[in-house]
Structures are given as C-alpha cells and as structure tokens.
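**Student:** Mind having a look at this structure? Questions to follow.
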Amino acid sequence: EVVKDKHGIQQVVLQNHRGASVRVSLYGGQVLSWRNDRGEELLFTSSKAIFKPPKAVRGGIPICFPQFGNRGSLEQHGFARNKVWVIDKNPPPLHPNDSIGKAYIDLLLKPSEEDLKIWPHSFEFRLRVSLAADGYLTLISRIRNINCKPFSFSFAYHTYLSISDISEVRIEGLETLDYLDNLCQKERFTEQGDALTFEAEVDRVYLSSSDVVAVFDHERKRTFIVRKEGLPDVVVWNPWEKKSKSMVDFGDEEYKQMLCVNGAAVEKPITLKPGEEWTGRLELSVVPSS
Ligand code: BG6
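In the UniProt record's numbering, the protein residues as written are 17 to 306.
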C-alpha cells in the first residue's frame, strides 16, 4: 500500500497476514515504524520528531551513507537520509529466500547533479525492506559503483529501538571487543567481559563484532535480535540527559525509551571498484525472554 504523508512524500506500508506491519518513507528510504502482530511499535520515534525535509526524522531507521557521523567532509551521516528515493519497479534479482513469503518494497537512490558536486561518485543504491510471515524485518542494501574510478564509503543502519527503560536493558554480543569512543576524541578502548548496561551517555563504535547482537529488555520481557551481514561494526548510542536537552527534535526524557544499536561499516570504509557491488544486510526480530 502506498500512502502520502502531509508533505506529499510517499510512504509504503507492508503488512503480513498476522497483522504485523512496517512503514517506509521514500524520504531517506527510512523505515519509520515496525509493529508486531499485537500492534506494538518496536522502533522508537521521538514525540518531537520533525516530519519535514530537509532533516531526517528522529527515529525509525535512517540510513547513513556515504558517511557515518562526522568522519569525513560530508554532512553528518551523509546525504542519503535526506534524499527522496524512488520505488524500484525492476530491481536486479535477489536470492529467492529474500522474496518468498515476504511483503517487500524495493527502493532506489541515484545521485543528483547536486550530490555529484559534493561527492563525485556515480552509484546506484538499492534498498529492499521486507517483512516476513514471522514478523522479521529485513533491510538489504546493494550499492553499486557505476563510475569509472573506485570510491569508498562508510555506512550505518541507524536503528532506534524502542525500550521500556534504559536502566532495564543490556546488550550481549559486544563483550571484550575494541571500540572507538566518540565522546573521547574517537580513542580506542577495550570492552570488559560483561554485557553492556547503561548509566550515562554512550556513543561508541564497536569494532568487528560477531553477526548477532542481542538487546534484552527485562521490563518488557523481550529481546531484540540484531543480525547483520557485510557490516563489521556496531554503533551504540544513547544521548542521555544533557545531550537530549540540546536536541530540538528529541524530548528531554526520551533517552530513557530508546537505544540505538546500529549495524555499520565505520572503521574500515568499504571500497568499490568500477562495476563492483556491496551488500549490507540487517535483520531484526523480537523474541520473548524472562
Ligand atoms: C550517532 C552518532 O550515531 O548519531 C552521534 O554517533 C550523533 O554522535 C547521533 O549525535 C545522532 O545524529 P543525528 O545527526 O541524527 O542527530
């Protein structure tokens, strides 16, 4: 189903037969909502979010490309999240498992003249967003170099998970990893052996993690399983009290209800030669836990 938001931008709603749903905006190719079959929203969106270009909506899953954060000369998190994508009616085939039994939409982003002035590399970015019968949400990004010289980029699925309370969650799967701390001049540290819990601002890039990370929410008795492929790093972000107050599109207390856990390729940029394609995949699911 294709609907229009109040600014005239198209949104695609995917549904499975059990009543789970996903909403994707063509603005940024951004997933704005993911609901389970009980109608519960699983992604966080700020009550102060501004649904008006030229800024990405504060919540859901903005796509950071061709730059993550401010590690480069482009605007923070790159331009892809601030562009209007188109529906790709005839995408090159994916593996049949990526289609069978799924509701999905294919989107496409190509650079405009203006984009080429700030980042002079021709690419085709194909995004498939799919909702499986069991409610899994999958995002598959395929980025192709259609230029005659190589280019490099960094990338993240900036995933705002909705949680009960930041003091009630823990992340497993990042123990003992090295990380870059954005709050300390991007210095490198090593995580201890325990699951990650939260009591202050966090803004870190965990390096070369395993492909599965779990986010346990004790109060809601559920666990998000984040599975990734082609994305070596995991960005963990929570702005906490002080930074929340400085963001116009974020409520002062909302840091308690969100946690960003982002499949990403940050430390080592991806390089594509002419004609080459990169694939980065993210699968989110939720399981009950005690
Ligand atoms: C995080 C960055 O991933 O995104 C933070 O590491 C940043 O430094 C945050 O503040 C939000 O970014 P933005 O541009 O969406 O406000």
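Every residue, glycine too, gets a C-beta built ideally from N, C-alpha and C.
Are the beta-carbon atoms belonging to residue 297 and residue 252 less than 7 Å from one another?
**Tutor:** Sequence index remark: in the sequence shown, residue 297 carries index 281 (1-based). Sequence index remark: in the sequence shown, residue 252 carries index 236 (1-based). Not in contact: residue 297 and residue 252 (Cβ atoms no closer than 7 Å).
**Student:** Among the residues of its own chain, which have a CB less than 6 Å from the CB of residue 120, if the five just before and after it don't count?
**Tutor:** By one-based count along the sequence shown, residue 120 stands at place 104. The answer, listed in chain order, is 144, 146.
**Student:** Can you tell which of 181, 198, 180, 210 has its C-alpha closest to the C-alpha of residue 191?
**Tutor:** Here residue 191 is taken as the residue at index 175 of the sequence shown, counted from 1. Residue 210 is the option with its Cα nearest to residue 191.
**Student:** Please state whether DSSP places residue 79 in a helix, a strand or coil.
**Tutor:** The count along the sequence shown starts at 1 and reaches residue 79 at position 63. The answer is strand: DSSP assigns residue 79 an E or B state.
**Student:** On the CB-based measure, 16 or more other CB atoms within 10 Å of its CB, does residue 39 come out buried or exposed?
**Tutor:** Sequence index remark: in the sequence shown, residue 39 carries index 23 (1-based). Residue 39 is buried by the Cβ-count criterion.
**Student:** From residue 61 to residue 176, what does the alpha carbon distance come to, in whole angstroms?
**Tutor:** Taking the first residue of the sequence shown as 1, we reach residue 61 at position 45. Taking the first residue of the sequence shown as 1, we reach residue 176 at position 160. If you take the alpha carbons of residue 61 and residue 176, they lie about 7 Å apart.
**Student:** Assuming residue 32 and residue 151 form a contact by the criterion Cβ under 8 Å, report the distance between their Cβ atoms to the nearest whole angstrom.
**Tutor:** For the purposes of this step, residue 32 is taken as residue 16 along the sequence shown, with counting starting at 1. For the purposes of this step, residue 151 is taken as residue 135 along the sequence shown, with counting starting at 1. That pair is a contact at about 7 Å.
**Student:** Which runs of the beta strand (DSSP E) spanning at least 3 residues fall entirely within the region 132–175, listed in chain order?
**Tutor:** 139–148, 153–161, 167–173
**Student:** Are the Cβ atoms of residue 304 and residue 238 separated by less than 7 Å?
**Tutor:** Position 288 of the sequence shown, counted from the start, is the residue given in the question as residue 304. Position 222 of the sequence shown, counted from the start, is the residue given in the question as residue 238. For residue 304 and residue 238, yes; Cβs fall inside 7 Å.
**Student:** Examine the ligand BG6 and report whether any of its heavy atoms sits within less than 6 Å of the Cβ of residue 50.
**Tutor:** The residue you call residue 50 lines up with position 34 of the sequence shown. Flag unset: Cβ of residue 50 not near the ligand BG6.
**Student:** For residue 293, which residues in the same chain have their Cβ closer than 6 Å to its Cβ, ignoring the five residues on either side in sequence?
**Tutor:** As a working mapping, residue 293 is identified with position 277 in the sequence shown. 158, 160, listed in sequence order.
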